[in-house]
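Quick note on this note's numbering: the sequence shown kicks off at 4 and runs consecutively.
For glycine and all other residues, C-beta sits at the position ideal for the given N, C-alpha and C.
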Amino acid sequence: MYGLSSDEQVTDEQINEIIHKTHLDSLVKKLPKGLDEKLGPNAIQASGGERQRIALARALLRNPSILIFDEVTSALDPILTEEIIELIWSQEITSTKLIVSHRLTFASRVDQILVVNPDGTVTAGRHTDLKDSHNLYRKLVMADQFGGSGA
Numbered sequence: 004m005y006g007l008s009s010d011e012q013v014t015d016e017q018i019n020e021i022i023h024k025t026h027l028d029s030l031v032k033k034l035p036k037g038l039d040e041k042l043g044p045n046a047i048q049a050s051g052g053e054r055q056r057i058a059l060a061r062a063l064l065r066n067p068s069i070l071i072f073d074e075v076t077s078a079l080d081p082i083l084t085e086e087i088i089e090l091i092w093s094q095e096i097t098s099t100k101l102i103v104s105h106r107l108t109f110a111s112r113v114d115q116i117l118v119v120n121p122d123g124t125v126t127a128g129r130h131t132d133l134k135d136s137h138n139l140y141r142k143l144v145m146a147d148q149f150g151g152s153g154a
């Protein structure tokens with residue numbers, strides 16, 4: 004199976020569960036060959052959000068000790084974003100998580116936030132502390148709350 008080494012085994016039940024949790028059911032149903040279908044430039048095209056959820060499903064199937072999410076919800080609508088965030092933070096996903104994001108949807112959930120300042124220095128802290136003490140972070144929070152990009 005794509006992305007798994009020869010010694011990694013997953014069951015059909017695990018695959019179907021991850022497909023459901025990452026909201027890929029409708030995509031898989033419309034593929035002529037189902038999970039055996041090829042996706043990509045010379046095959047069936049998937050949207051940006053579908054590609055993000057496929058990558059997430061593949062990562063979750065491997066159950067690694069560390070998951071790195073780089074803009075994991077950038078191509079998702081707000082409802083799917085919240086559902087994917089809930090999945091990532093569910094107790095069944097025990098991996099250490101490193102989140103890279105310009106959106107602040109994860110901010111209140113993470114243990115540590117790193118803000119890269121304009122001069123290249125980095126300020127670390129929790130969401131509530133940075134919101135109170137770091138001017139740039141406070142501006143990002145306000146921009147995000149009022150429909151800005153957060154970046």
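Short Cβ contact (8 Å threshold) for D193 with V119: Lying before the first or after the last residue shown, residue 193 is absent from the chain, which here runs from 4 to 154.
Using beta-carbon positions only, say whether A49 and L30 come within less than 8 Å of one another. Yes; because the gap between Cβ atoms is below 8 Å, this pair is in contact.
Going straight from the alpha carbon of N66 to that of S98, what length do you get? Their Cα atoms are separated by approximately 7 Å.
Those runs of the alpha helix (DSSP H) which lie wholly inside the segment 89-141 and span at least 4 residues: If we require 4 residues or more, the alpha helix (DSSP H) runs fully inside the segment 89-141 come out as 130-136.
Which whole-angstrom value describes the C-beta separation of D28 and I22, a residue pair presumed to lie in contact below a C-beta threshold of 8 Å? Sure, about 6 Å apart at Cβ, within 8 Å.
Can you tell me the Cα-Cα spacing of I18 and L64, whole angstroms? For I18 and L64, the distance between alpha carbons rounds to 7 Å.
State the beta-bridge partners of D73 as determined by DSSP. Bridge partners of D73: V103.
Tell me whether the beta-carbon of L156 lies closer than 8 Å to the beta-carbon of D135. Beyond the ends of the chain as shown, which are 4 and 154, falls residue 156; an answer cannot be given.
Identify the residues that DSSP records as bridge partners of L59: which are they? Answer is none; L59 lacks a bridge partner.
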